[in-house]
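Numbering of the sequence shown is given in our numbering, commencing with residue 53 and proceeding in unit increments. For reference, the structure discussed in these notes is given below.
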Amino acid sequence: MISNPDLELTHAALASSTLSHGLKVFGDRWTVQVMLSAFLGIRRFDELQSYSNIPRPTLSDRLRSLVQIGVLKPRLYQEKPPRHEYHLTRKGLGLYDATLMIWAWEKKWGQRAQDLPKTLFHQTCQHSFSPELCCKACGEKVSMKDLDYRLVPNARLHHQPMEGLRAPRMSGREATEMRLGLRVDRWSLLILTAVVLGCHYFDQITQALAIGPKVLSRRLSDMVEARLLQCETDAHDARRRLYRLTPSSRDLFGYIVCLSTWAGESHLHETSSIRPRHRACQHSFSPMVACDHCHQSLNPWEVSFPSTHGKSA
Numbered sequence: 053m054i055s056n057p058d059l060e061l062t063h064a065a066l067a068s069s070t071l072s073h074g075l076k077v078f079g080d081r082w083t084v085q086v087m088l089s090a091f092l093g094i095r096r097f098d099e100l101q102s103y104s105n106i107p108r109p110t111l112s113d114r115l116r117s118l119v120q121i122g123v124l125k126p127r128l129y130q131e132k133p134p135r136h137e138y139h140l141t142r143k144g145l146g147l148y149d150a151t152l153m154i155w156a157w158e159k160k161w162g163q164r165a166q167d168l169p170k171t172l173f174h175q176t177c178q179h180s181f182s183p184e185l186c187c188k189a190c191g192e193k194v195s196m197k198d199l200d201y202r203l204v205p206n207a208r209l210h211h212q213p214m215e216g217l218r219a220p221r222m223s224g225r226e227a228t229e230m231r232l233g234l235r236v237d238r239w240s241l242l243i244l245t246a247v248v249l250g251c252h253y254f255d256q257i258t259q260a261l262a263i264g265p266k267v268l269s270r271r272l273s274d275m276v277e278a279r280l281l282q283c284e285t286d287a288h289d290a291r292r293r294l295y296r297l298t299p300s301s302r303d304l305f306g307y308i309v310c311l312s313t314w315a316g317e318s319h320l321h322e323t324s325s326i327r328p329r330h331r332a333c334q335h336s337f338s339p340m341v342a343c344d345h346c347h348q349s350l351n352p353w354e355v356s357f358p359s360t361h362g363k364s365a
């Protein structure tokens with residue numbers, strides 16, 4: 053039996069969440085692709101463009117935005133003509149947990165595994181590893197089902213309505229192959245979060261996100277096609293459809309919670325309105341991405357991998 057969420061509270065919490073505001077920066081595939089490339093050591097404009105196939109004007113715009121918010125810093129490597137490399141700043145390095153989670157998802161569910169490191173090697177324990185999401189308080193491995201949530205809207209972040217956001221339709225190929233676009237798109241991740249918070253019906257999601265019915269219908273169709281959502285007929289009312297998470301969308305939870313935490317701690321310096329609690333240890337949940345061999349937290353300078361772009365990494 054599906055319970056009815058408090059839709060007014062859920063809307064206020066989503067609108068003022070660090071996730072929603074963080075996705076204003078990292079809510080499109082090109083921005084995320086630039087950051088993933090930076091962690092792979094791809095720093096020069098032509099290399100970034102060649103590796104990720106981002107249109108040159110779009111790449112220029114995304115690099116400018118990432119420099120402006122302080123996650124990348126340009127360094128001159130050639131004077132005539134002037135050319136720059138783009139290096140991760142301390143703030144940018146804070147996105148490493150989110151990056152590891154999206155890499156792990158891609159290896160399991162995506163179509164771009166050939167573009168990613170085949171193995172990750174933790175120099176601290178001298179073992180190959182897979183990243184796992186853990187509770188920082190108790191160190192235990194955590195999945196979405198291990199948490200519950202308290203909603204406390206943050207008035208300081210509840211200023212900009214979500215209605216003005218663009219939600220372009222993904223191509224059929226992109227939706228089917230579940231490439232970067234659909235799964236890191238701002239609306240898609242907010243829809244998944246609304247479902248996590250108990251909004252399973254069309255009208256509930258519409259109200260929780262203040263999203264237009266036509267836009268939502270189109271986006272839900274894309275997400276069902278990409279197997280990020282499962283659409284079912286309501287057992288109590290055959291006229292209604294409900295939406296549930298799938299195994300692949302549940303595995304996106306690590307990316308969502310790591311990005312939300314980074315946005316609150318490093319970008320916005322605000323507490324999120326969506327506050328998860330780890331039921332096992334009874335502490336507020338703060339994510340830690342750890343090595344599955346030694347169970348220690350991971351830093352980018354402690355991890356090596358085979359190059360995917362013709363340079364040593």
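Cβ atoms here follow ideal geometry from the backbone N, Cα and C, with glycine treated the same way.
Around the CB of P183, 16 or more other CB atoms lie within 10 Å, so the residue is classed as buried. In this structure, H174 sits near C343, with a CB-CB distance shorter than 8 Å. By alpha-carbon distance to V247, the top candidate from A278, C283, Q101 is C283. Secondary structure within the segment 130-198: the alpha helix (DSSP H) runs of 4 or more consecutive residues, fully enclosed, are 142-145, 148-161 (chain order). Taking the C-beta atoms as reference points, R96 is found nearer than 8 Å to E137. S336 carries a strand assignment under DSSP once its states are collapsed to helix, strand and coil. For the set G74, D58, G79, L92, the Cα lying nearest the Cα of P358 is the one of L92.
The beta-bridge partner set that DSSP reports for V355 consists of H174. DSSP places T258 outside any beta strand (DSSP E); the residue lies instead in the alpha helix (DSSP H), whose first and last residues are 254-261.
By the neighbour-count criterion, in which a residue is buried when 16 or more other Cβ atoms sit within 10 angstroms of its Cβ, I121 is exposed.
It is roughly 27 Å from the alpha-carbon of I94 to the alpha-carbon of G316. In this structure the segment 182-200 does not lie against the segment 112-130, because fewer than three pairs of beta carbons, one per stretch, are closer than 8 Å. For T313, the enclosing alpha helix (DSSP H) begins and ends at 305-314. Annotated three-state conformation of V341 is strand, per DSSP. When the beta-carbon positions are compared, T245 and I308 come within less than 8 Å of each other. The three-state secondary structure of I326, taken from DSSP, is strand. L66 is the residue among L66, H347, Q348, S356 whose C-alpha sits nearest the C-alpha of N206. Closest by C-alpha distance to V236, out of D200, W82, K132, H347, is W82. If you check the CB distance, L281 and S301 come in under 8 Å. Residue state for D98 is assigned as helix, using DSSP reduced to three classes. Assignment of Q348 by DSSP, reduced to helix, strand and coil, places it in the coil class. Sequence-distant partners of L71 (beyond 5 residues in either direction) whose C-beta falls short of 6 Å from its own C-beta, in its chain, are S312. Around the beta-carbon of W155, 16 or more other beta-carbon atoms lie within 10 Å, marking it buried. Here S349 is not near V355, since their CB atoms are 8 Å or more apart. According to DSSP, residue pairing for L128 in a beta bridge involves H136.
In the structure shown, L203 falls within a strand segment according to DSSP collapsed to helix, strand and coil.
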